[in-house]
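Asker: Numbering (this note's numbering), first residue to last: 156 to 420.
The beta-carbon is built from N, C-alpha and C at its ideal position, and this holds for glycine as well.
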Ligand code: SF4
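As structure tokens, then:
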């Protein structure tokens, strides 16, 4: 999907915590007790000071503009030193980078929490914010009969209350994990209903990672979904931060506070 505003030069996936309030059958991240082949371990949490170090690292790469994409587990459950996810997003924007996050949407099942979240962000910064909500048969966070989701209803309602001049600051994109089954995506009616309020939808194939390794017969043909990790900026374009380490895929490449070491200027 298109970025709102200036296009980032680099992407950093930032894992905030190994904790989730869902227990999806296909989960690639939170499979407690079976996490030996994953870099995020049970009990893991990124601290506020590690986040500040990462934002300082981004600033140290000349000419770069980073999309900091926060994930978990479930990033809306993250807390440290009285800060929550919205503080992380605001801090990212104030540090001159582009924030986004992947959520299961459960935080937004409550209207007043949804209102507070988006209004706090809007009052702190004009930097665009992208929200990615995973919604599909694995997450079970919508009503399959009516084609409606509480989280999306609340986001639409809050967006209606946001002053006209600020609305374009926000974009919500629903990621649908699809399987081999032809009807595994969400219904056309549901997409049209929320699409009328500006919410976009995109299919993403079930991948053979985490618990989904047991669902091999549901994994669709692999299509190339990921752009190459180009080296235009003299170093990696896409990185993942887990604790004090930067990774490319599952390979540790660098240390927090020393991002510069990965680039040539
Ligand atoms: S919501 Fe995401 S992190 Fe949580 S169990 Fe489901 S797939 Fe895993």
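Would you list the residues sitting across from residue 166 in a DSSP beta bridge?
Answerer: Beta-bridge pairing links residue 166 to 222 and 393.
Asker: For residue 234 and residue 203, I'd like the C-alpha separation in whole angstroms.
Answerer: C-alpha separation (whole angstroms): 9 Å.
Asker: If I measure Cβ to Cβ from residue 287 and keep anything under 6 Å in the same chain, skipping five residues before and after, which residues do I get?
Answerer: 257, 328 and 330.
Asker: Bridge partners for residue 330 per DSSP, in chain order?
Answerer: Answer is 289 and 357.
Asker: For residue 368 and residue 278, what's the separation of their Cα atoms in angstroms?
Answerer: So the two alpha carbons sit approximately 43 Å from each other.
Asker: Which of helix, strand or coil does DSSP assign to residue 127?
Answerer: The structure shown has nothing for residue 127, since the chain only spans 156 to 420.
Asker: Just mark residue 379 as buried or exposed, buried being the case when its beta carbon has 16 or more other beta carbons within 10 Å.
Answerer: At residue 379 the pLDDT is 47, less than 50, meaning the model places this residue with poor confidence and gives no usable figure here.
Asker: When the Cα of residue 412 is compared with those of 323, 400 and 183, which residue comes out closest?
Answerer: Measuring from the Cα of residue 412, the nearest candidate turns out to be 400.
Asker: Considering only the alpha carbon of each residue, which of 163, 159 and 194 lies closest to residue 408?
Answerer: Of 163, 159 and 194, the residue nearest in Cα terms is 194.
Asker: What are the start and end residues of the alpha helix (DSSP H) that includes residue 320?
Answerer: Residues 319-322.
Asker: Starting from the Cα of residue 272, find the closest Cα among 240, 253 and 302 and give me that residue.
Answerer: Minimum Cα distance to residue 272 is reached at 240.
Asker: What are the residues that DSSP puts in a beta bridge with residue 200?
Answerer: Per DSSP, 172.
Asker: Tell me whether residue 228 counts as near the ligand SF4, meaning its Cβ is closer than 8 Å to at least one heavy atom of that ligand.
Answerer: Correct: residue 228 has its Cβ closer than 8 Å to the ligand SF4.
Asker: Residues bridged to residue 238 by DSSP?
Answerer: 235, per the DSSP bridge assignment.
Asker: For the ligand SF4, is there a heavy atom less than 8 Å away from the beta-carbon of residue 183?
Answerer: Yes, the beta carbon of residue 183 sits closer than 8 Å to at least one heavy atom of the ligand SF4.
Asker: I'd like to check one pair, residue 340 with residue 416: are the Cβ atoms closer than 9 Å?
Answerer: The answer is no: Cβ separation not under 9 Å.
Asker: Between the C-alpha atoms of residue 414 and residue 246, what's the straight-line distance to the nearest angstrom?
Answerer: Looking at the two C-alpha atoms, the distance is approximately 19 Å.
Asker: At what residues does the alpha helix (DSSP H) containing residue 309 begin and finish?
Answerer: First-last of the alpha helix (DSSP H) with residue 309: 305-316.
Asker: From the DSSP output, in three-state form, read off residue 278 for me.
Answerer: Helix.
Asker: Considering residue 398, what are the terminal residues of the beta strand (DSSP E) in which it resides?
Answerer: Per DSSP, residue 398 belongs to no beta strand (DSSP E) and is neither H nor E.
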